[in-house]
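Worksheet for the structure shown next.
In the working numbering, the protein residues as written are 6 to 319.
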């Protein structure tokens, strides 16, 4: 008959102000052994779960050994009381709470991907519970941000849904972008400013934009070069800024990578004006492309077919 002995022990924990001895059980001893805790280490113990985290080694014990490993981290000895309250904040979205409560596997449903349909009754219950937590001070709701680019592409049904969604208490901040003037609302025959229904325009604050100036374009080009790891000479930066003003900013930014290829071909580390000139020659912008089409109207295939069809009809 074999009887397994129970592990017991004592642990001395101290700060700069106080010192206490604790009795340890099997679970805590195994956790300390797993973390390889030695005398002089600074540790953090979660009283609820019993989890032990090794923060580093105290500066007071830095001279105990002549040699230390490269991964040894020295920290200052904690001050004050040994037991302290620590506030832990978990940031989750309402959708994640819905998913956790909608499935039997709970938290694992977040990683499965197939969340299925979440019932409206469950959403309402969770919204009510979250509202109670907010009133009790247990939770804080941080509204999200929804950015909709090319908002004029939405149809009238989508705009109706947005109107209802914006009235809810937990609605996010909605930012919409459009480059349209008077445009037709998709799904209707009516025209409206920016292609948005009038009742939605009533609810929004419109921010006007202005064209970029030279200095702003220069900063944008500099940021793009840093992202693409491209070095431009000061003269090339000036030329590229002028190109952006004469053509479009997107065309100028797209030329950066093309000019870099030209610079690498001549084994140069920096993109010079000559590299930009070659890239500008190879790739046309919108204005030059339209001009070329006008000049080549009689040569293009579809123009020839249209011309033949007109001659035959005559």
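C-beta atoms are modelled at their ideal positions from N, C-alpha and C, and glycine is treated no differently.
In this structure, the beta-carbon distance from residue 156 to residue 182 falls below 8 Å. Remark: C-beta atoms of residue 61 and residue 42 do not approach each other more closely than 8 Å.
The C-beta distance from residue 249 to residue 278 rounds to 15 Å, too long to fall under 8 Å, and the pair is not in contact. Residue state for residue 27 is assigned as strand, using DSSP reduced to three classes.
Residue burial annotation: residue 280 is buried, with at least 16 other C-beta atoms found within 10 angstroms of its C-beta. In the DSSP annotation of this structure, the continuous segment of the alpha helix (DSSP H) that includes residue 103 starts and ends at 99-107.
Remark: C-beta atoms of residue 276 and residue 235 approach each other more closely than 8 Å. DSSP places residue 289 outside both helix and strand once states are collapsed to three, so it counts as coil. Going by C-alpha positions, residue 266 is about 14 Å away from residue 258. If you look at residue 164, you'll find it in the alpha helix (DSSP H) that goes 161-170. The criterion of a C-beta distance shorter than 8 Å is not satisfied by residue 207 and residue 256. In the three-state DSSP reduction, residue 46 falls in the strand class (E or B). Comparing alpha carbon positions, the residue from 227, 12 and 192 closest to residue 160 is 192. The continuous stretches of beta strand (DSSP E) do not include residue 257, which lies in the alpha helix (DSSP H) extending over residues 254-270.
Sequence-distant Cβ neighbours of residue 274 in its own chain, meaning closer than 7 Å and more than five residues away, are 236. Of the candidates 176, 21, 168 and 164, 164 places its Cα closest to the Cα of residue 190.
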